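Residue numbers (this note's numbering): 15 to 351.
See below for the structure under consideration.
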């Protein structure tokens, strides 16, 4: 725009914001042609265009949004394009709520579960105390047992044909419609396991190793060893990530290794009991249980930063815009990245 003979961008110029001569107040920025206080504007928090998705903006940082005030302690969490899903330790419910806010609904009543995954139509979860994997429609219904006789199943993952389960003695595969569990590898399955098109990846906490095995069966491979009591694993297209608490206070680490094998790399060290982990295209997120923090670090390495403190997550998930967690306080939370 020509303002008094000068070419200016009225979408971002604080001296000519939205129109020539319309100046923003001291300390304000011009965001999309409107003046904004980046320290408190929920649509432009810390930077123009960084919205808090319904949360408040305080000191240029987005604050978390309560998606559900859950009765009892929510545990495992999963997210799809429209909803967040979680399990309960106290009420034994499988529940969901819209990620943009709305009423929480019960999908099924089942048991305390430490693992949940969702497809386009169904929720699938483990029941450790009954040694069973269940499924119910996302719109709600009676739980259907898909596999029984498992040894404290916890982590699970899905593809179009199978359910992959980590229990206390092995990693197993179950037909997606239910049936007999086939053992893929011996060794304590992790609380969380992950799959890609060719392999299952998991942490063997008892042996302090990170492993993979072909989804169709075959020899399992050790990708990394010497990581004390690792329970959590996450994947991207090329890399396996995991947390290990270490043998002492503030000696935990967040690590990665190529899926194809190679030298493990520590992305963050000196962490206070790191546990739950998730990854997006740019960062690894994890929970430092001892400090009550969610932190993140770039997948290629760099400075680890605190995303939020003063929380008590029981599980963690991320999507393209937000971080989600179930909190011991009884809430299901979302925080804009």
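Each residue gets a CB set at the ideal place from its N, CA and C atoms; glycine is no exception.
The structure displayed is predicted, hence computed values, not measured ones.
(message) Rounded to the nearest angstrom, what separates residue 270 and residue 308 at their Cα positions?
(response) Looking at the backbone, the Cα of residue 270 and that of residue 308 are separated by about 18 Å.
(request) For the beta strand (DSSP E) holding residue 331, just list the boundary residues, first then last. (result) Note, residue 331: beta strand (DSSP E), 327-332.
(message) Quick check on this structure: which residue in 35, 160, 74 has the alpha carbon closest to the alpha carbon of residue 195?
(response) Selected option, being the one with the closest Cα: 160.
(request) Within its chain, find whatever has a CB closer than 6 Å to the CB of residue 57; leave out the 5 residues flanking it on each side and keep chain order. (result) 65, listed in sequence order.
(request) Report back the beta-carbon spacing between residue 319 and residue 310 to the nearest angstrom; my notes put them in contact at under 8 Å. (result) The C-beta distance from residue 319 to residue 310 rounds to 6 Å, short enough to fall under 8 Å.
(request) Return the CA-CA distance between residue 20 and residue 51, expressed in angstroms with no decimal places. (result) Going by the C-alpha atoms only, they are around 26 Å apart.
(request) Assign residue 171 to one of three DSSP states: helix, strand, or coil. (result) Collapsing the DSSP output to three states places residue 171 in a strand.
(message) Measuring only the C-alpha atoms, how far is residue 172 from residue 23?
(response) So the alpha carbons of these two residues sit roughly 49 Å apart.
(request) Taking 7 Å as the cut-off, decide whether the C-beta atoms of residue 183 and residue 217 are in contact. (result) Judged by beta-carbon spacing, residue 217 lies beyond the 7 Å limit of residue 183, meaning their Cβ atoms are not closer than that value.
(message) So, under 8 Å CB-CB, residue 293 and residue 248 are touching, yes? Tell me the CB distance rounded to an integer number of Å.
(response) Yes, residue 293 and residue 248 are in contact; Cβ-Cβ is about 4 Å, under 8 Å.
(request) Closer than 8 Å by C-beta to residue 204: which residues in its own chain qualify, once you throw out the five before and the five after it? Chain order, please. (result) Within the same chain, residue 204 has close Cβ partners 168, 169, 180, 216, 217, 218, 219, 244, 245, 246, 247.
(message) I believe residue 296 touches residue 312 by the beta-carbon criterion, under 8 Å. Please report the beta-carbon distance rounded to the nearest angstrom.
(response) With a Cβ gap of about 6 Å, residue 296 and residue 312 count as contacting.
(message) Please tell me whether residue 37 and residue 29 are closer than 7 Å, where the distance is taken between their beta carbons.
(response) Yes; because the gap between Cβ atoms is below 7 Å, this pair is in contact.
(request) Look at the alpha carbon of residue 117 and the alpha carbon of residue 348, and state the distance between them as a whole number of angstroms. (result) Whole-angstrom Cα-Cα distance: 15 Å.
(message) So residue 31 and residue 47 are supposed to be a Cβ contact under 8 Å. How far apart are they, rounded?
(response) Contact between residue 31 and residue 47 holds, since their C-beta atoms are separated by about 6 Å, short of 8 Å.
(message) Would residue 86 and residue 104 qualify as a contact pair, given that the criterion is a beta-carbon distance under 7 Å?
(response) In contact: residue 86 and residue 104 (Cβ atoms closer than 7 Å).
(message) Less than 7 Å between the C-beta atoms of residue 98 and residue 338, yes or no?
(response) Yes, these two residues count as a Cβ contact at 7 Å.
(request) Name the residue from 232, 251, 256 whose alpha carbon lies nearest to the alpha carbon of residue 241. (result) Closest option to residue 241, Cα to Cα, is 256.
(request) List the endpoints of the continuous beta strand (DSSP E) containing residue 131. (result) Looking at the DSSP string, the run of the beta strand (DSSP E) that includes residue 131 is 130-132.
(message) I'd like the list of long-range same chain contacts for residue 432, defined as Cβ closer than 8 Å, with 5 residues on each side in sequence excluded.
(response) Here the chain has residues from 15 to 351 only, and residue 432 is not among them.
(request) Starting from the Cα of residue 224, find the closest Cα among 273, 263, 189, 54 and give me that residue. (result) Closest option to residue 224, judged by alpha-carbon separation, among 273, 263, 189, 54: 273.
(request) Return the Cβ separation of residue 324 and residue 306 in integer angstroms, given the expectation that the two are a contact with Cβ distance under 8 Å. (result) Indeed, because the Cβ distance is near 6 Å, the residues count as touching under 8 Å.
(message) One question on the structure: do residue 91 and residue 329 come within less than 7 Å of each other, judged by their Cβ atoms?
(response) Cβ atoms of residue 91 and residue 329: closer than 7 Å.
(request) Over the uninterrupted beta strand (DSSP E) stretch that includes residue 217, give me the two end residues. (result) Where residue 217 is concerned, the enclosing beta strand (DSSP E) stretches over 213-218.
(request) Answer with buried or exposed for residue 73, where buried requires no fewer than 16 other C-beta atoms within 10 angstroms of its C-beta. (result) Burial call: exposed.
(message) Please state the DSSP three-state secondary structure of residue 92.
(response) Strand.
(message) Given this structure, state the Cα-to-Cα distance separating residue 326 from residue 83, to the nearest angstrom.
(response) Distance between residue 326 and residue 83, taken at the CA atoms: about 14 Å.
(request) State buried or exposed for residue 151, treating a residue as buried only when at least 16 other CB atoms are found within 10 Å of its CB. (result) With fewer than 16 other beta carbons inside 10 angstroms of its own, residue 151 counts as exposed.
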